[in-house]
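Visitor: Attaching a single structure in structure tokens format; questions to follow.
There are 2 protein chains.
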Amino acid sequence: MIEKVSVGLLGLGTVGSGVVRMIEANQEELQHKVGCPVHVEKILVKSLDKARQVEVDESLLTTNAEEIVDNPNIDVVIEVIGGIDLAKSYILKALSNKKHVVTANKDLMALHGHELLAAANENGCDIYYEASVAGGIPILRGLVDGLASDRITKMMGIVNGTTNFILTKMSKGEGAYDDVLKEAQELGFAEADPTSDVEGLDAARKMVILGTLGFSMPLTLEDVSVKGISQVDLEDIEYSKQLGYTIKLIGIAQRDNGRVELSVQPTLLPNSHPLAAVNDEYNAVYVYGEAVGETMFYGPGAGQLPTATSVVSDLVAVVRNMRLGVNGKTIVSPQFERELKADEEIQAKYFLRFYVKDEAGAFTKISSLFAEHNISLEQLIQQPVKDKDMAEVVMVTHNASKKDYNQVYNRLRDLDVVFEVKSHYRVEGE
Amino acid sequence: MIEKVSVGLLGLGTVGSGVVRMIEANQEELQHKVGCPVHVEKILVKSLDKARQVEVDESLLTTNAEEIVDNPNIDVVIEVIGGIDLAKSYILKALSNKKHVVTANKDLMALHGHELLAAANENGCDIYYEASVAGGIPILRGLVDGLASDRITKMMGIVNGTTNFILTKMSKGEGAYDDVLKEAQELGFAEADPTSDVEGLDAARKMVILGTLGFSMPLTLEDVSVKGISQVDLEDIEYSKQLGYTIKLIGIAQRDNGRVELSVQPTLLPNSHPLAAVNDEYNAVYVYGEAVGETMFYGPGAGQLPTATSVVSDLVAVVRNMRLGVNGKTIVSPQFERELKADEEIQAKYFLRFYVKDEAGAFTKISSLFAEHNISLEQLIQQPVKDKDMAEVVMVTHNASKKDYNQVYNRLRDLDVVFEVKSHYRVEGE
């Protein structure tokens with residue numbers, strides 16, 4: 001039986017510092033849970049003489065990754081440097097040296113997860129990555145263990161804290177997109193270059209990881225249809241409120257008859273839906289299972305200690321496996337072939353806002369267009385635009401296939417009585 | 001390596017039928033997840049010729065429990081008969097015969113969990129009981145694995161669907177307590193004798209299980225201070241709304257400096273609190289961890305298939321352990337001694353509603369009483385009662401110790417200017 005466990009840490013930034021802090025502060029509880037001491041043996045840093053967020057013995061620091069990934073004394077490598085290429089090569093090296101791996105790297109897992117899992121499997125090693133999706137929320141465990149017996153049919157996630165912060169502020173009337181984004185940047189909830197967050201790419205990566213696990217299918221980033229929040233304006237939010245909805249950036253992973261849709265887009269949810277009440281920088285994943293029905297996992301999506309909680313809980317799992325001698329035996333490879341839905345198979349309701357000429361027959365042209373594609377309307381607001389010869393129309397459709405909807409949307413934009421289609425969003429959760 | 005797993009089922013009621021259905025319907029996925037077939041070998045029923053909720057081969061049925069707990073072909077016993085004494089003796093017998101156990105029995109786990117866990121440990125067997133708390137929500141796994149690295153300081157749970165259904169209906173103005181309870185009984189959300197649910201006992205049992213796991217401390221049912229919802233009236237709900245609160249039956253498990261409080265009572269939560277939006281028969285457990293901050297697990301608290309999901313997910317865990325040869329090695333005995341908070345250490349805010357004489361100086365007497373015990377007031381509504389010489393007072397205090405509060409409450413009832421203290425509740429979540 002293993003008597004102590006040595007950890008090598010790649011990275012001592014925000015999350016890495018949190019990991020060091022938690023391993024120290026909770027050492028007694030950790031030992032009780034895993035049955036032996038766990039200590040940090042070596043830490044990879046960029047520079048030896050930088051100010052640190054946590055006090056560490058200088059002798060632990062190194063700028064040479066080989067001192068960790070090739071170090072025979074190290075049992076588990078925790079990767080929190082982020083990025084793709086270096087992180088990947090370190091992890092592959094560590095696995096080939098029979099070290100178990102814990103990573104918080106969503107970009108890496110979304111892009112190269114299948115390869116890394118295969119490498120872990122070949123080497124009889126564990127690789128855990130709970131922190132890669134929704135920070136402190138133990139959602140991957142929820143899917144893999146908690147709902148192990150169920151067939152998951154749909155997941156809807158608020159999996160990006162930055163965009164949820166921005167949309168929450170906009171909803172509360174605290175400013176338009178640009179102002180609120182600036183505030184988020186000042187508070188550290190958004191990066192200097194916010195593209196990856198606000199354009200939905202970050203959320204897309206998390207949905208790939210969730211979909212792959214939840215549906216047991218090797219999905220890729222190219223499978224996700226992505227639309228960000230930078231076009232959402234206050235009028236959209238106001239009209240949504242009037243109609244009883246809240247706009248959120250929602251990642252959707254849906255499976256019907258073995259075929260899957262993955263998407264990320266601003267989405268209207270009924271105010272009574274539990275996801276509609278997930279505010280500020282919080283994350284949540286709503287899971288529909290055939291048997292369990294609807295469950296939700298809610299919590300902090302980022303932050304030093306929440307993310308470190310997931311990383312160290314993964315470490316606990318790895319050490320328990322070491323003590324039991326069962327590492328590498330819990331990886332289950334995807335069961336199903338990758339099968340994606342065609343646009344005809346993707347059903348949803350849509351919200352549209354557009355300007356039309358204020359003339360006789362204009363609305364007939366529009367309603368005929370929708371009728372022609374068998375899309376019926378559930379809610380409608382039409383009102384004149386002050387001092388202009390036009391009206392603003394807001395509508396919510398009944399369910400339509402994405403194929404039909406896209407045709408209507410394109411034809412609507414070309415109609416002579418339509419000035420501009422200002423915005424259109426998916427509607428979910430009803 | 002084990003090539004197939006045989007299950008003995010104790011009980012074929014609602015949950016038992018769901019378990020049979022799920023094992024059959026999801027057999028292919030189950031096999032993929034555990035690596036071998038899993039089948040039901042024998043089922044204990046009360047009577048052989050009763051109508052069933054699920055089709056089963058008659059040869060599987062028996063009225064003799066020994067054919068399951070003493071059956072050498074059976075590897076795992078699933079107990080879903082409920083009740084205490086028989087269930088306990090069957091489980092102990094199964095464990096002594098080296099059979100692993102999955103149970104959905106909250107009453108049994110709350111009363112005899114420590115003894116059953118010890119027996120499992122002695123026999124090198126697993127005992128899993130996810131379904132005993134909050135039906136389909138994988139909350140026990142969330143505590144034990146997902147937040148394994150964190151120090152949990154507080155849990156607040158809506159862990160009884162019946163009372164949440166009743167309070168939700170009352171909140172929506174759909175009737176007073178008695179009417180709504182009757183409706184719940186007709187819909188099957190409440191038992192013919194609803195005492196255990198409405199008086200908080202059911203919730204108390206679940207809080208014992210949550211507290212024991214979350215705080216790693218052997219807590220007992222006697223440690224829970226319990227108050228039910230049968231005294232909640234529509235006026236309380238109306239005033240709570242005016243003040244920005246929602247009334248829920250909340251189980252609280254709180255730890256400070258190694259000392260614990262367990263309680264269940266109607267509690268006012270700010271409308272913005274995620275638990276306030278948990279409606280109808282849904283359950284949710286809000287968990288505060290030192291590192292992770294606030295997380296919430298939401299889902300169905302009961303029902304055939306949600307509960308069966310938890311039971312069969314437990315079965316998956318047991319079978320994985322069997323395949324890996326690590327059964328009985330994952331039970332961690334409580335780390336800390338049982339230490340309960342004294343009333344002086346329990347801090348909370350309180351809501352009070354009472355009638356006072358409409359005379360000069362009445363309010364001064366009342367406010368001096370609170371001041372004397374250092375309890376200050378946060379919100380106050382006083383209004384005359386029509387056609388009577390009295391006023392109705394509603395107040396929310398700032399934080400006070402339970403000891404101080406109880407003294408004030410008792411003295412308030414005896415004040416000559418007070419006619420009646422109509423209701424008083426704890427206020428949490430701020």
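Heads up: the protein sequence lines correspond to chains A and B, in order.
Counting in the UniProt record's numbering, the first sequence runs from 1 upward without gaps.
Counting in the UniProt record's numbering, the second sequence runs from 1 upward without gaps.
For each residue, glycine too, the CB sits at the ideal point set by N, CA and C.
The model shown is predicted, which means the values in this text are computed figures rather than measured ones.
When the Cα of residue 474 of chain A is compared with those of A:Asp314, A:Ile250, A:Asn271, A:Gly211, which residue comes out closest?
Guide: Outside the displayed range of chain A (1 to 430) lies residue 474 of chain A, so it cannot be described from this structure.
Visitor: What does a CB cutoff of less than 7 Å around glutamate 67 of chain B pick up in its chain, not counting 5 residues either side in sequence?
Guide: Translated into positions along the second sequence, residue 67 of chain B becomes position 67. Once the five neighbours on either side are set aside, the close Cβ partners of glutamate 67 of chain B are Lys42.
Visitor: Rounded to the nearest angstrom, how far is the Cβ of isoleucine 137 of chain A from that of glycine 299 of chain A, given a contact under 8 Å?
Guide: As a first step, residue 137 of chain A must be located in the first sequence, where it is residue number 137. As a first step, residue 299 of chain A must be located in the first sequence, where it is residue number 299. The pair is a contact, with the Cβ atoms about 4 Å apart (cut-off 8 Å).
Visitor: Just to confirm, is the Cβ distance from valine 287 of chain A to isoleucine 152 of chain A under 8 Å?
Guide: On the first sequence, position 287 is the one that residue 287 of chain A refers to. On the first sequence, position 152 is the one that residue 152 of chain A refers to. The answer is yes: Cβ separation under 8 Å.
Visitor: Are the segment 57-77 of chain A and the segment 91-98 of chain A touching, with three or more C-beta to C-beta distances below 8 Å?
Guide: yes
Visitor: Tell me the residue span of the beta strand (DSSP E) that contains tyrosine 288 of chain B.
Guide: To locate residue 288 of chain B, count along the second sequence from 1; it is residue 288. Element bounds for tyrosine 288 of chain B: 282-289.
Visitor: Just to confirm before moving on: does the CB-CB distance between aspartate 404 of chain A and histidine 373 of chain A stay below 8 Å?
Guide: As a first step, residue 404 of chain A is located in the first sequence; it is residue number 404 there, counting from the start. As a first step, residue 373 of chain A is located in the first sequence; it is residue number 373 there, counting from the start. The answer is yes: Cβ separation under 8 Å.
Visitor: Given this structure, state the Cα-to-Cα distance separating valine 396 of chain B from glutamine 382 of chain B, to the nearest angstrom.
Guide: As a position in the second sequence, residue 396 of chain B is number 396, starting the count at 1. As a position in the second sequence, residue 382 of chain B is number 382, starting the count at 1. Cα to Cα, valine 396 of chain B sits roughly 12 Å from glutamine 382 of chain B.
Visitor: Counting only Cβ pairs nearer than 8 Å, list the residues of chain B close to proline 300 of chain A.
Guide: Taking the first residue of the first sequence as 1, we reach residue 300 of chain A at position 300. Those within 8 Å of proline 300 of chain A in chain B are Val292, Gly293, Glu294, Thr295.
Visitor: Looking at chain B, is there any beta carbon in it that lies within less than 8 Å of the beta carbon of serine 313 of chain A?
Guide: Looking up residue 313 of chain A in the first sequence gives position 313. Chain B contact via Cβ: present.
Visitor: Please look up how many angstroms separate the CB atoms of lysine 351 of chain B and leucine 412 of chain B, rounded, as I've assumed it's under 8 Å.
Guide: As a working mapping, residue 351 of chain B is identified with position 351 in the second sequence. As a working mapping, residue 412 of chain B is identified with position 412 in the second sequence. The sequence given here places phenylalanine at residue 351 of chain B; lysine does not occur at that position. With a Cβ gap of about 13 Å, phenylalanine 351 of chain B and leucine 412 of chain B do not count as contacting.
Visitor: Pull up the DSSP beta-bridge partners for lysine 248 of chain A, would you.
Guide: Position 248 of the first sequence holds residue 248 of chain A. According to DSSP, lysine 248 of chain A bridges with A:Thr267.
Visitor: Measuring only between beta-carbons, confirm whether residue 447 of chain B sits less than 8 Å from chain A.
Guide: Any question about residue 447 of chain B goes unanswered here, given that chain B covers just 1 to 430.
Visitor: Would you decide whether asparagine 257 of chain B is buried or exposed? Buried here means 16 or more other CB atoms lie within 10 Å of its CB.
Guide: Sequence index remark: in the second sequence, residue 257 of chain B carries index 257 (1-based). Exposed is the call here.
Visitor: Can you give me the C-alpha to C-alpha distance between alanine 317 of chain B and aspartate 233 of chain A, rounded to a whole angstrom?
Guide: By one-based count along the second sequence, residue 317 of chain B stands at place 317. By one-based count along the first sequence, residue 233 of chain A stands at place 233. When rounded, the distance between both Cα atoms is 48 Å.
Visitor: In this structure, how does DSSP classify residue 431 of chain A when only helix, strand and coil are distinguished?
Guide: Outside the shown range of chain A, which is 1 to 430, sits residue 431 of chain A, and nothing can be said about it.
Visitor: What residue from A:Ala120, A:Lys172, A:Thr168, A:Ser59 has the CA that sits closest to residue 434 of chain A's CA?
Guide: No answer is possible for residue 434 of chain A: the residues shown for chain A start at 1 and end at 430.
Visitor: Over the uninterrupted alpha helix (DSSP H) stretch that includes alanine 317 of chain A, give me the two end residues.
Guide: Working through the first sequence from its first residue, we reach residue 317 of chain A at position 317. Start and end: 304-324.
Visitor: Thinking just about the alpha-carbon of each residue, which of A:Gly113, A:Asp193, A:Thr246 is nearest to the one in serine 171 of chain A?
Guide: Looking up residue 171 of chain A in the first sequence gives position 171. When each option's Cα is compared against that of serine 171 of chain A, the closest is A:Thr246.
Visitor: Establish whether the CB of threonine 309 of chain A and some CB of chain B are separated by less than 8 Å.
Guide: Your numbering for residue 309 of chain A matches position 309 in the first sequence. Yes - at least one Cβ of chain B is within 8 Å of the one on threonine 309 of chain A.
Visitor: Using a C-beta cutoff of 8 Å, does aspartate 145 of chain A count as contacting chain B?
Guide: Position 145 of the first sequence, counted from the first residue, corresponds to residue 145 of chain A. Yes, because at least one Cβ of chain B sits closer than 8 Å to the Cβ of aspartate 145 of chain A.
Visitor: Which value, in whole angstroms, describes the spacing of the CA atoms of glycine 228 of chain A and glycine 289 of chain A?
Guide: As a first step, residue 228 of chain A must be located in the first sequence, where it is residue number 228. As a first step, residue 289 of chain A must be located in the first sequence, where it is residue number 289. In a straight line, the C-alpha of glycine 228 of chain A is about 27 Å away from that of glycine 289 of chain A.
Visitor: Establish whether the CB of valine 159 of chain B and some CB of chain A are separated by less than 8 Å.
Guide: One-based indexing of the second sequence puts residue 159 of chain B at position 159. Output row for valine 159 of chain B: interface = no.
Visitor: Going along chain B, which residues have a C-beta under 7 Å from isoleucine 137 of chain A?
Guide: Mapped onto the first sequence, residue 137 of chain A falls at position 137. Chain B residues near isoleucine 137 of chain A: Thr295.
Visitor: Go ahead and pull the three-state DSSP assignment for isoleucine 209 of chain B.
Guide: For the purposes of this step, residue 209 of chain B is taken as the residue at position 209 of the second sequence. Reduced to three states, the DSSP call for isoleucine 209 of chain B is helix.
Visitor: Looking only at C-alpha atoms, which of A:Gln347, A:Thr63, A:Asn71, A:Val421 sits nearest to aspartate 236 of chain A?
Guide: Here the question's residue 236 of chain A lines up with position 236 in the first sequence. It is A:Val421 whose Cα lies nearest to the Cα of aspartate 236 of chain A.
Visitor: Would you verify that the beta carbon of arginine 151 of chain B is, or is not, closer than 8 Å to some beta carbon of chain A?
Guide: The residue you call residue 151 of chain B lines up with position 151 of the second sequence. With 8 Å as the cut-off, arginine 151 of chain B counts as an interface residue toward chain A.
Visitor: Does isoleucine 127 of chain A come out as helix, strand or coil in the three-state DSSP assignment?
Guide: The residue you call residue 127 of chain A lines up with position 127 of the first sequence. Three-state DSSP puts isoleucine 127 of chain A in a strand.
Visitor: Assuming serine 376 of chain B and alanine 148 of chain A make a contact with CB atoms under 8 Å, what is their CB distance in whole Å?
Guide: Translated into positions along the second sequence, residue 376 of chain B becomes position 376. Translated into positions along the first sequence, residue 148 of chain A becomes position 148. Not confirmed; about 51 Å, so no contact.
Visitor: Quick one: what's got a C-beta closer than 8 Å to valine 7 of chain A's C-beta in the same chain, skipping five residues either side?
Guide: Along the first sequence, one-based indexing puts residue 7 of chain A at 7. The answer, listed in chain order, is Ile23, Val38, His39, Val40, Glu41, Ile74, Asp75, Val76, Val77, Ile78, Leu315.
Visitor: Would you report the Cα separation of histidine 424 of chain A and glutamine 265 of chain A, rounded to the nearest angstrom?
Guide: Here residue 424 of chain A refers to the residue found at position 424 when the first sequence is read from its first residue. Here residue 265 of chain A refers to the residue found at position 265 when the first sequence is read from its first residue. In this structure, the alpha-carbon of histidine 424 of chain A lies about 10 Å from that of glutamine 265 of chain A.
Visitor: For glutamine 335 of chain A, which residues in chain B fall below 9 Å Cβ to Cβ?
Guide: Position 335 of the first sequence holds residue 335 of chain A. Listed along chain B, the residues sitting closer than 9 Å to glutamine 335 of chain A by beta-carbon distance are Glu28, Glu29, His32, Lys33.
Visitor: Determine whether the Cβ of lysine 172 of chain A lies closer than 8 Å to any Cβ atom of chain B.
Guide: Looking up residue 172 of chain A in the first sequence gives position 172. Not one chain B Cβ lies under 8 Å of lysine 172 of chain A.
Visitor: Could you check what DSSP says for aspartate 197 of chain B in three-state terms: helix, strand or coil?
Guide: The residue you call residue 197 of chain B lines up with position 197 of the second sequence. In the structure shown, aspartate 197 of chain B sits in a helix (DSSP, three-state: H, G or I).
Visitor: Are the beta-carbon atoms belonging to proline 384 of chain B and aspartate 358 of chain B less than 8 Å from one another?
Guide: Here residue 384 of chain B is taken as the residue at index 384 of the second sequence, counted from 1. Here residue 358 of chain B is taken as the residue at index 358 of the second sequence, counted from 1. Cβ distance < 8 Å, so proline 384 of chain B and aspartate 358 of chain B count as in contact.
Visitor: Can you list the residues of chain B that alanine 317 of chain A reaches, using a CB-CB cut of under 9 Å?
Guide: For the purposes of this step, residue 317 of chain A is taken as the residue at position 317 of the first sequence. Neighbours of alanine 317 of chain A on chain B, chain order: Asp145, Ala148.
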